[in-house]
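Take a look at the structure below.
Residue numbers (the working numbering), protein chains in the order written: chain A, 1 to 150; chain B, 1 to 220.
Right, dumping it as structure tokens:
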């Protein structure tokens, strides 16, 4: 049982991210790669994700302004975006990406646009939550876990 | 080569493979790099097939070992990349006399059977479904070490490779038909990792950031 109240709060926050479906096991995989040499590895990857995928979101936005839709291009962008999202364990974002790609394949422009709006919401929500999480993690200080640094 | 083969310990902790990772995604490069470093590998991560060929010296110059002189023991490449796909890169490598022995692993977010089959047919060692996990990488490393130990020298390499391609075609068909989302079972029972894995140019020092990773080796 975590004695440090801030750390308890952190664990609660972390658990809620998984329970509410924002994150999946891949996030845990990333956490397991974090060590003394790279204590902020997960945050670095997530930061890189938001920077990199932000570019793709912009590309998609621009592509959705050009009618008729180039569904192949949209699908290609979303494939990239989905890949990165999957790599950080962004579960809801990934689900919206999958849906978007399905609409691309069925050439459903309305579906694409609707899904893209939802995707952007999830993307922004996750970002806020993760920012809060990392900030709290920094405040709570280094953790004693089973993977104790030697 | 004789000395190096003897240096390979069963735990695998004193060997360092040099892995060339190819992926157009920044995020994925960062992750694969970390996965490999944690698994005690030296990593060179590049963003495209063209860069990979350049690094290997296959872009025109003949026979170079990469500009930092370190031999590449394993290539891990993403399948879907703009320009040259991982599949095209695989073919180029397997068709080069200098590098065809280097094992190539394909990574893909899409678990498409025909894709898996074509890659394996072209000589890929494994097809990993993304996102790649630490357990996938550790399994690859273990296979490298085991084969390095049992093989010892380069003599039977080419024959084994052909055998692998035949064996793997059949085994890939059977494992593919089980249609699980996980990658096809490792071809570890069939063929060796083609190349000079874990032999000559190994650096035997353990990387410094292994304090947490030690738990995997020591079973804490």
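Glycine included, each C-beta is placed from N, C-alpha and C at the ideal position. Only a predicted model underlies this, so the values are computations on that prediction, with no experimental measurement involved.
Leaving out the 5 sequence neighbours to the left and right, which residues in its chain are closer than 7 angstroms to residue i when beta-carbon positions are compared?
i, result
"residue 80 of chain A", "56"
"residue 173 of chain A", "This structure gives no information on residue 173 of chain A, because the portion of chain A shown stretches from 1 to 150."
"residue 24 of chain B", "47, 48, 78, 81, 82"
"residue 35 of chain B", "132, 134, 137"
"residue 99 of chain B", "56, 58, 93"
"residue 118 of chain B", "87"
"residue 96 of chain B", "58"
"residue 67 of chain A", "none"
According to DSSP, is residue i part of a helix, a strand, or is it coil?
i, result
"residue 108 of chain B", "strand"
"residue 119 of chain A", "helix"
"residue 64 of chain A", "coil"
"residue 93 of chain B", "helix"
"residue 78 of chain B", "strand"
"residue 130 of chain B", "coil"
"residue 71 of chain B", "coil"
"residue 37 of chain A", "coil"
"residue 36 of chain B", "helix"
"residue 124 of chain B", "coil"
"residue 23 of chain A", "strand"
"residue 125 of chain A", "helix"
"residue 140 of chain A", "helix"
"residue 98 of chain B", "coil"
"residue 44 of chain B", "strand"
"residue 32 of chain A", "coil"
"residue 53 of chain B", "helix"
"residue 111 of chain A", "helix"
"residue 141 of chain B", "helix"
"residue 5 of chain A", "helix"
"residue 16 of chain A", "helix"
I'd like the span of the beta strand (DSSP E) that includes residue i, first residue to last.
i, result
"residue 81 of chain A", "Here residue 81 of chain A belongs to no beta strand (DSSP E); instead the alpha helix (DSSP H) covers 71-88."
"residue 21 of chain B", "18-22"
Can you give the beta carbon distance from residue i to residue j, rounded, assuming they're within the 8 angstroms contact cut?
i, j, result
"residue 115 of chain A", "residue 99 of chain A", "5 angstroms"
"residue 56 of chain B", "residue 17 of chain B", "The pair is not a contact, with the Cβ atoms about 15 angstroms apart (cut-off 8 angstroms)."
"residue 222 of chain B", "residue 88 of chain B", "The displayed coordinates of chain B run from 1 to 220. Any statement about residue 222 of chain B would go beyond what the structure contains."
"residue 63 of chain A", "residue 52 of chain A", "Their Cβ separation, rounded to whole angstroms, is 17 angstroms, which puts residue 63 of chain A and residue 52 of chain A out of contact at 8 angstroms."
"residue 74 of chain A", "residue 104 of chain A", "5 angstroms"
Could you tell me the boundaries of the alpha helix (DSSP H) in which residue i lies?
i, result
"residue 167 of chain A", "Residue 167 of chain A lies beyond the range of chain A shown here (1 to 150); nothing can be said about it."
"residue 114 of chain B", "113-121"
Please confirm whether residue i and residue j have their CB atoms less than 8 angstroms apart.
i, j, result
"residue 26 of chain A", "residue 97 of chain A", "no"
"residue 29 of chain B", "residue 52 of chain B", "no"
"residue 71 of chain B", "residue 122 of chain B", "no"
"residue 83 of chain A", "residue 130 of chain B", "yes"
"residue 46 of chain A", "residue 34 of chain A", "no"
"residue 19 of chain B", "residue 76 of chain B", "yes"
"residue 131 of chain A", "residue 93 of chain A", "no"
"residue 107 of chain A", "residue 78 of chain A", "no"
"residue 107 of chain B", "residue 128 of chain B", "yes"
"residue 33 of chain B", "residue 43 of chain B", "yes"
If you drop the 5 nearest sequence neighbours on each side, which residues of the same chain put their C-beta closer than 8 angstroms to that of residue i?
i, result
"residue 83 of chain B", "48, 49, 50"
"residue 59 of chain B", "50, 53"
"residue 10 of chain A", "133, 136, 137, 140"
"residue 6 of chain A", "136, 139, 140, 141"
"residue 49 of chain A", "84, 85, 87, 88, 90"
Might you give, ordered along the chain, the residues of its own chain that have their beta carbon closer than 6 angstroms to the beta carbon of residue i, omitting 5 neighbours on each side?
i, result
"residue 16 of chain A", "none"
"residue 115 of chain B", "none"
"residue 31 of chain A", "42"
"residue 60 of chain A", "77"
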